[in-house]
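Its first residue numbered 86, the sequence shown is counted upward by one per residue in the working numbering.
For every residue, glycine included, the Cβ atom is placed at its ideal position computed from N, Cα and C.
Given the structure is predicted, the values throughout are model-derived calculations rather than measurements.
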Amino acid sequence: MDTFHSIIGHRRVIDYLQDSIRSGHVSHAYIFNGADGIGKKMTARAYAAALLCREGGDEACGKCISCRQMADGNQPDVAFVTHEKAIISVGDIRQQLCNVVPVKPMFGPYRIFIVDEAEKMNEEAQNALLKTLEEPPSYAVIMLLTNNAEALLPTIRSRAVTLEMLPVPVDTLTDWLMAKEQLPDYRARLAAVYSGGSPGQAIACARSEEFQRQRDSVAAMMRSIAVMREDTMAQYAKDFAGAKEEQEAILGLVLLWLHDLMMCKAEQSAERLMFREEEESLAAQAESLGYEALWSLQAELGKIRTDRRVNVNMETSFWLFLAGMQRRLQQEKGV
Ligand SMILES: [Zn+2]
């Protein structure tokens, strides 16, 4: 069962929520705003569990009847608003929320509604919700979870407390992944950084064979770049252009390789490398490249990421990046 204790990161949000329970200042509406996988659902469920726990503390006890029902997913005073289509329709909101809000809670002091992916509510649905938010019954607590609070009507936002779910710090996330997934530290760090501080995405990366394969193939490409043959480079560029779905992931991993090169230059220690088993190749490249070269490479990579969105020829862009890095590596080595 999700409790505040089991959540990684988000201390400020949790402190705020626990304080609201202790002081009795529970709002009728909350917006949990943050990236996918960051922990919105867990936090909302933990809050619901704590609000309804029979022990009456600021954390769910895990043992009382309400907590056991929460754990089994059948707490009658907690409703998860679901939807089938790509949008949350006015019908979804009316049937599962507006029409049932007047029904008093079965047992506890609150009746809780959790709307995941709230940004998918269309305007009609949001207007229906707004009516409920304008005059909510005293026991109602509505939690809107979203990756984009801006997609909600200003009138909804002004009636809700917005909680910003910020990325979990890399070190915290790395330690957690190591313990939870039994990963070596450098692999945990890679998944942590790559996920942008989202525990859900970090776990998905850590468990994904596809991610491992991508990581290995990016490492193979980057380590051989100084001596890469022309036709191999052309093939990499062609493959990159053809793999539209994977481009963002590949660029992200190449960027992490460049970060590792920076790290090698600055710290000259392998401690915090994300491609640690490539330490030798990284050290050799870091020696050949000056800071300026590394900064330009990072900027070039950033430009490819922007260009992707406006349909620039990716084969040429990626080839130019690889060729540019090769040239710099060879120049400074005097090859
Ligand atoms: Zn309890």
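**OP:** Would you mind giving the Cβ-Cβ distance between G124 and I93, rounded to the nearest angstrom? I have them listed as a contact below 8 Å.
**Re:** 7 Å
Original post:
Does the separation of the CB atoms of D255 and A277 fall below 7 Å?
Top reply: Checking the sequence shown, residue 255 turns out to be Val, not Asp. Their beta carbons are under 7 Å apart, which means V255 touches A277 by this criterion.
Original post:
What number of angstroms, rounded off, separates the C-alpha of A322 from the C-alpha of W404?
Top reply: 5 Å
Original post:
Nearest-angstrom Cα distance between L379 and Y271?
Top reply: 22 Å
Subject >> Exposed unless 16 or more other CB atoms sit within 10 angstroms - verdict on N118 >> reply: buried
Original post:
Taking 6 Å as the line, does the beta carbon of E140 fall inside it for any heavy atom of ligand 1?
Top reply: yes
Original post:
What is the DSSP secondary structure of A368, reduced to helix, strand or coil?
Top reply: helix
**OP:** Using three-state DSSP, classify L268 as helix, strand or coil.
**Re:** coil
**OP:** Pull up the distance between the alpha-carbon of G419 and that of F325, whole angstroms please.
**Re:** Because the pLDDT at G419 is just 47, under 50, the model does not fix this residue reliably, and the point stays unresolved.
**OP:** Have a look at T231 and F165 and give me their C-alpha separation to the nearest angstrom.
**Re:** 14 Å
Subject >> Residue environment, D157, which counts as buried when at least 16 other CB atoms sit within 10 Å >> reply: exposed
Original post:
Of all the beta strand (DSSP E) runs that stay within the bounds of the stretch 185-235, which reach a length of 3 or more residues?
Top reply: 196-200 and 225-231
**OP:** In the DSSP assignment, find the alpha helix (DSSP H) that holds A351 and state where it starts and stops.
**Re:** Q332 to E352
**OP:** State the start and end residues of the unbroken beta strand (DSSP E) segment that holds T247.
**Re:** V246 to E249
Subject >> Min CB distance A213 to chain D below 7 Å >> reply: Looking for chain D here will not work: only one protein chain is present.
Subject >> Outcome for S402 when other beta-carbon atoms lying within 10 angstroms are tallied against a minimum of 16 >> reply: buried
**OP:** List the residues that DSSP assigns as beta-bridge partners of V163.
**Re:** I197
Original post:
Measuring from the CB of A135, is there a heavy atom of ligand 1 at a distance below 6 Å?
Top reply: no
Original post:
Three-state secondary structure (DSSP) at F76?
Top reply: Limits of the chain in this structure are 86 at one end and 420 at the other, which puts residue 76 out of reach.
Original post:
Along the chain, where does the beta strand (DSSP E) that runs through F117 open and close?
Top reply: A114 to N118
Subject >> Candidates E202, R179, H168 and G193: closest to K126 by CA position >> reply: E202
Original post:
On the three-state DSSP scale, how would you describe I150?
Top reply: helix
Subject >> Ranges of the alpha helix (DSSP H) found wholly within the stretch 281-320, counting only runs of at least 4 >> reply: 284-292 and 294-308
Subject >> Span separating the alpha-carbon of G337 from that of M359 >> reply: 12 Å
Subject >> Under the three-state DSSP convention, the category I93 falls into >> reply: coil
Original post:
Heavy atom of ligand 1 less than 6 Å from the Cβ of A145, yes or no?
Top reply: yes
Original post:
When the Cα atoms are used, what is the spatial distance from C425 to C146?
Top reply: Because residue 425 is not part of the residues shown, which for the chain are 86 to 420, the question remains open.
Original post:
Can you tell me the Cα-Cα spacing of M206 and L248, whole angstroms?
Top reply: 19 Å
Subject >> Residue environment, E372, which counts as buried when at least 16 other CB atoms sit within 10 Å >> reply: exposed
Original post:
So, do the stretch 181-190 and the stretch 219-233 have three or more beta carbon pairs nearer to each other than 8 Å?
Top reply: yes
Original post:
ligand 1 heavy atoms versus the CB of C152: any closer than 6 Å?
Top reply: yes
Original post:
Is it right to say R196 is buried, meaning 16 or more other beta carbons lie within 10 angstroms of its own, or is it exposed?
Top reply: buried
**OP:** Reducing DSSP to helix, strand and coil, say where I178 ends up.
**Re:** helix
Original post:
According to DSSP, which residues form a beta bridge with I173?
Top reply: M206
Original post:
If you measure from the CB of C183, is any heavy atom of ligand 1 nearer than 6 Å?
Top reply: no
Original post:
E400 to L407, Cα distance in whole Å?
Top reply: 11 Å
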